[in-house]
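A.B. asks:
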Amino acid sequence: MHFSKLKTTLFALTKLIMTMSFLLLFFGCEQVQVKESANHVEEDSHVVSIATPISKEPVLGFSQLGSESEWRIANSSSIKNSAIESDVKLIFQNAEQSQEKQIEAIREFVKQKVDVIAIAPVVETGWDYILKEVKQAGIPVIIIDRLVDVTDPSLYVTHIGSDFYEEGRKAGKYLLDKLPKSNKPIGIVELKGTEGSTPSIARGKGFRDVISSRSDLQFLKSENADFTVAKGKEVMKKFLKEKGRDIRVLYSHNDDMTFGALEAIEEYGLVPGKDIVVITVDGTRKALEKMNEGKINLVVECNPLLGPNLIQAVKEVLKGSTLPKRIVTPENVFTQVTAEKEIASRSY
Ligand code: AHR
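Shown next as C-alpha cells:
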C-alpha cells in the first residue's frame with residue numbers, strides 16, 4: 015500500500031520536473047529567438063521583436079517610415095545591422111508611409127518602456143502631441159533622416175541625417191554650370207517626393223534659391239511622385255505628354271523616381287542624359303550605373319547608412335552625454351566622370 019503511494023508520488027514528481035524542464039527549455043530558446051529575430055527580419059514585417067523584460071541590454075524602438083525606395087531599404091538594413099553588431103536590442107516597426115501608424119508604434123514603444131525611441135518621420139508636421147507624451151514618459155527621442163517641425167525643440171535630443179537644402183543647392187549649382195545662359199527659355203520639370211516631407215521641401219527650395227539668379231531657367235511642371243519608381247514614371251509620362259520637347263531638364267528628388275522617369279523618356283523617343291539633362295538625388299549603385307551609361311548627368315549623394323551614427327547616439331544618450339542638436343552626414347556629388355570609380359564600392 016505504502017509502496018504504491020510512494021510510486022504514485024514519485025511518478026507525479028517526475029512529471030512535474032519534466033514539465034518544468036520543458037518550460038525552462040522552451041522559454042530559454044524563445045529568448046534567444048527573440049534576440050535573433052530582432053535583427054533578422056523581412057523588410058515589410060511590422061514588429062521585429064518584442065523586448066524581453068529580463069534583458070539588461072538597452073532597448074531601442076525605431077519607427078521607420080516605410081520601404082518606398084532603394085535608399086530606404088539600405089537605411090533600414092544599416093540600422094538593423096548596426097544593432098546586431100552592438101548590444102542594443104532593436105524593435106523595428108515599418109509604418110508604410112502612414113504617420114498614424116508611426117504614432118501608434120511610438121505609443122506602443124512607450125507602453126513597452128523602451129530605453130530610447132528613434133523616428134524617421136514621414137512628414138514634418140503633426141508630431142508635437144505624441145512627442146510630448148514620450149517626454150512625459152521620460153524616454154529620449156532621436157530623429158533620423160527627415161526632420162520634425164515642432165514648437166518645442168526639447169522634444170527630441172538630436173537629429174541625425176542629411177542637409178537636404180544643401181543637396182538642392184548642389185543640384186542647382188550643377189545646372190548653372192552645365193547649361194550656359196540662353197536667350198530662349200530652358201524648360202525644367204521637377205519630380206518631388208512625398209508631400210510635406212523634409213527632403214521634398216528642402217531639395218526644392220535649395221535648387222530654386224540657386225537657379226533663381228537665371229531668368230532663362232524656367233519651371234514647366236513640378237509634382238509630387240512619392241519617391242517611387244511607378245509614380246515617377248507616371249508623372250514623367252504626363253509631363254512629356256503636356257510639354258514634350260520643351261523639357262530640357264529633369265530635376266528628380268530621388269533615384270527611384272528617376273528610374274521610372276528614364277523609362278518614360280525613352281518610351282517617348284528621347285535620349286535621357288542628352289535630349290534631357292537628368293539630375294537625381296541619392297546615389298544608389300543603380301543610379302551610378304545609369305550615369306555610367308550616359309542616362310543621368312548628375313547624382314547628388316544622400317547617405318542612407320545612418321545605423322552606426324544612430325547606435326552610437328543611443329549609447330551616448332543613455333550615458334548621459336550631451337549631443338549636438340544636429341548631426342549632419344557628409345555627402346558628395348557624382349558626375350559621369352566620377353561615377354565608374356564609385357560603382358564598385360557602393361553597398362546599396
Ligand atoms: O528621406 C530621404 C529620402 O527618402 C531619400 O532621398 C529617398 O530615396 C527616400 O525615399
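To convert a position in the sequence shown, counted from 1, into the working numbering, add 14.
Yeah, the Cβ is synthetic: ideal placement off N, Cα and C, and Gly gets one too.
Model, not experiment: these values are computed from the prediction.
Quick one: is V314 buried, meaning 16 or more other Cβ sit within 10 Å of its Cβ, or exposed?
C.D. replies: The residue you call residue 314 lines up with position 300 of the sequence shown. By the 10 Å Cβ count, V314 comes out buried.
A.B. asks: Between K257 and Q78, what straight-line distance do the alpha-carbon atoms span, to the nearest angstrom?
C.D. replies: Here residue 257 corresponds to residue number 243 of the sequence shown, with the count starting at 1. Here residue 78 corresponds to residue number 64 of the sequence shown, with the count starting at 1. About 37 Å.
A.B. asks: Ignore the nearest five residues each way along the sequence and tell me which others in R299's own chain have a CB closer than 7 Å to its CB.
C.D. replies: Along the sequence shown, read from residue 1 onward, the residue named residue 299 stands at position 285. Excluding residues within five positions, the ones whose Cβ falls inside 7 Å are I357, R360, Y362.
A.B. asks: Just grab the DSSP bridge partners of K195 for me.
C.D. replies: Start at 1 with the first residue of the sequence shown, and residue 195 comes out as number 181. Looking at the DSSP output, K195 shares a beta bridge with no other residue.
A.B. asks: Taking a contact to mean a Cβ-Cβ separation below 7 Å, would you say V263 touches V291 in this structure?
C.D. replies: Along the sequence shown, read from residue 1 onward, the residue named residue 263 stands at position 249. Along the sequence shown, read from residue 1 onward, the residue named residue 291 stands at position 277. Cβ atoms of V263 and V291: closer than 7 Å.
A.B. asks: Could you tell me whether any non-hydrogen atom of the ligand AHR is closer than 6 Å to the CB of D289?
C.D. replies: Residue mapping note: residue 289 aligns to position 275 of the sequence shown, counting from 1. Checking every heavy atom of the ligand AHR against the Cβ of D289, none is found closer than 6 Å.
A.B. asks: Between D296 and the rest of its own chain, which residues show a CB-CB distance below 6 Å, the 5 nearest in sequence each way excluded?
C.D. replies: As a first step, residue 296 must be located in the sequence shown, where it is residue number 282. Contacts found: W85, N268, D269, C316.
A.B. asks: Could you check the C-alpha separation between T343 and E118 for me, to the nearest Å?
C.D. replies: Along the sequence shown, one-based indexing puts residue 343 at 329. Along the sequence shown, one-based indexing puts residue 118 at 104. Looking at the two C-alpha atoms, the distance is approximately 29 Å.
A.B. asks: Tell me which same chain residues have a C-beta within less than 6 Å of the C-beta of K304, skipping the five on either side of it?
C.D. replies: On the sequence shown, residue 304 is found 290 positions in, with the first residue counted as 1. These residues qualify, in order along the chain: I310.
A.B. asks: Using the C-alpha atoms, what's the distance from S227 back to N197?
C.D. replies: Here residue 197 corresponds to residue number 183 of the sequence shown, with the count starting at 1. Here residue 227 corresponds to residue number 213 of the sequence shown, with the count starting at 1. Approximately 15 Å between the Cα atoms of the pair.
A.B. asks: Given the structure, does R299 come close to the ligand AHR, in the sense that its CB is under 6 Å from one of the ligand's heavy atoms?
C.D. replies: Taking the sequence shown and counting its residues from 1, the one referred to as residue 299 is at position 285. R299: no, Cβ never under 6 Å from the ligand AHR.
A.B. asks: Since R262 is in the beta strand (DSSP E), which residue starts that stretch and which ends it?
C.D. replies: Position 248 of the sequence shown, counted from the start, is the residue given in the question as residue 262. That run of the beta strand (DSSP E) goes 261-266.
A.B. asks: Under a three-way DSSP split, which group does E356 fall into?
C.D. replies: Translated into positions along the sequence shown, residue 356 becomes position 342. E356: helix per DSSP, three-state reduction.
A.B. asks: Who are the Cβ neighbours of I157 in its own chain at under 6 Å, not counting the five residues just before and after it?
C.D. replies: Here residue 157 corresponds to residue number 143 of the sequence shown, with the count starting at 1. Excluding sequence neighbours, I157 sits near I133, Y170, H173.
A.B. asks: Taking DSSP as the reference, what is the three-state secondary structure of P167?
C.D. replies: Numbered from its first residue, the sequence shown carries residue 167 at position 153. In the structure shown, P167 sits in a helix (DSSP, three-state: H, G or I).
A.B. asks: Reducing DSSP to helix, strand and coil, say where K235 ends up.
C.D. replies: Locating residue 235 in the sequence shown gives position 221, counting from the first residue. Three-state result, K235: strand.
A.B. asks: Tell me, which residues are paired with I133 by DSSP?
C.D. replies: Along the sequence shown, read from residue 1 onward, the residue named residue 133 stands at position 119. Its beta-bridge partners are S77, I157.
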